[in-house]
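Visitor:
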């Protein structure tokens, strides 16, 4: 099973790397006479940015749910051990 930190690193790589790549490519091709390819790169930048934001939100919800359950179990364990 993949650990949470590995998923966090994967999330950062897969959400930030394409955004930065397409932004740099869009800016570099903006000065060329063929500006259609720069618009494609800026469009891909927007798509990957939106997907990254959605992925971060879903991951935040899933991690919050898991951490909430772990904290509840720790509190119950503490109460039963120190009565």
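Numbering (our numbering), first residue to last: 2 to 84. A virtual CB, placed ideally from N, CA and C, is assigned to each residue, including glycine.
Looking at C-beta atoms only, is the number of pairs between the region 8-17 and the region 56-63 that lie closer than 8 Å three or more?
Guide: Result yes; three or more Cβ-Cβ pairs closer than 8 Å.
Visitor: Using a Cβ distance threshold of 8 Å, determine whether the region 44-52 contacts the region 61-71, with at least three qualifying pairs required.
Guide: No: the two stretches stay apart, fewer than three of their Cβ pairs being nearer than 8 Å.
Visitor: Along the chain, which unbroken stretches of the alpha helix (DSSP H) at least 4 residues long are found entirely within the region 17-84?
Guide: Segments of the alpha helix (DSSP H) lying fully in the region 17-84: 37-82.
Visitor: How many Å lie between residue 25 and residue 70 at the Cα?
Guide: As a position in the chain shown, residue 25 is number 24, starting the count at 1. As a position in the chain shown, residue 70 is number 69, starting the count at 1. Straight-line Cα distance between these residues: approximately 42 Å.
Visitor: Residue 21 to residue 5, Cα distance in whole Å?
Guide: Locating residue 21 in the chain shown gives position 20, where the first residue counts as 1. Locating residue 5 in the chain shown gives position 4, where the first residue counts as 1. Roughly 24 Å between the two C-alpha positions.
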